[in-house]
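Numbering (the numbering used here), first residue to last: 721 to 875.
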């Protein structure tokens with residue numbers, strides 16, 4: 721599939737870090753990130769796969785991990801320490817806390833596949849950039865629902 725983007729709200733199955741892709745959209749006239757030095761990222765889901773994503777964000781000068789969200793707070797704290805996140809990195813146990821935070825620009829959703837649709841819909845409605853790994857959703861109806869939400873909330 722390669723680089724696949726519905727609009728500036730969502731990045732799906734990207735072979736490059738989503739933060740880089742978001743910056744590319746901005747450079748081409750999109751309105752993803754305006755007048756910001758760094759995209760402020762929340763990693764939602766700190767299971768095994770999160771290590772691979774965190775490395776990319778930590779090494780990207782255009783990104784900053786500002787929050788980790790997991791129902792297992794101890795795991796999120798362990799990841800924050802392992803990745804060398806700053807002391808100011810927020811550790812939370814509910815997606816809604818991330819979505820209400822105006823200091824978060826983007827969510828990297830690293831959740832079980834059956835949780836993708838609900839989390840992505842909430843994040844889009846909260847006007848966050850969403851990075852979502854494949855499969856985007858569990859079936860075509862869910863995919864269409866997600867695409868419709870992006871179109872509805874697109875600026």
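Where a beta carbon is used, it is the ideal one built from N, C-alpha and C, also for glycine.
- Within the segment 762-789, the complete alpha helix (DSSP H) runs of at least 4 residues fall at 770-779.
- Beta bridge pairing from DSSP links residue 817 with no other residue.
- When secondary structure is reduced to three states using DSSP, residue 802 falls in the helix class.
- With a cutoff of 8 Å on beta-carbon distance, residue 761 and residue 784 are scored as near each other.
- Taking 8 Å as the cut-off, the beta carbon of residue 856 is found closer than this to the beta carbon of residue 863.
- Here residue 810 carries a strand assignment [DSSP, helix/strand/coil].
- For residue 829, no alpha helix (DSSP H) run applies; the uninterrupted beta strand (DSSP E) run containing it begins and ends at 826-829, by DSSP.
- Per DSSP, the beta bridge partners of residue 759 are 783.
- Cβ-Cβ distances below 7 Å link residue 800 to 788, 809, 811 in the same chain, with the five nearest sequence neighbours on each side left out; the list follows chain order.
- The C-beta of residue 833 has fewer than 16 other C-beta atoms within 10 Å across all chains shown, which makes the residue exposed.
- Per DSSP, reduced to three states, the secondary structure at residue 874 is coil, with no helix or strand assignment.
- One Cα belongs to residue 816, the other to residue 763, and the distance between them is close to 13 Å.
- For residue 838, the enclosing alpha helix (DSSP H) stretches over residues 836-845.
- For the set 827, 867, 767, the Cα lying nearest the Cα of residue 792 is the one of 767.
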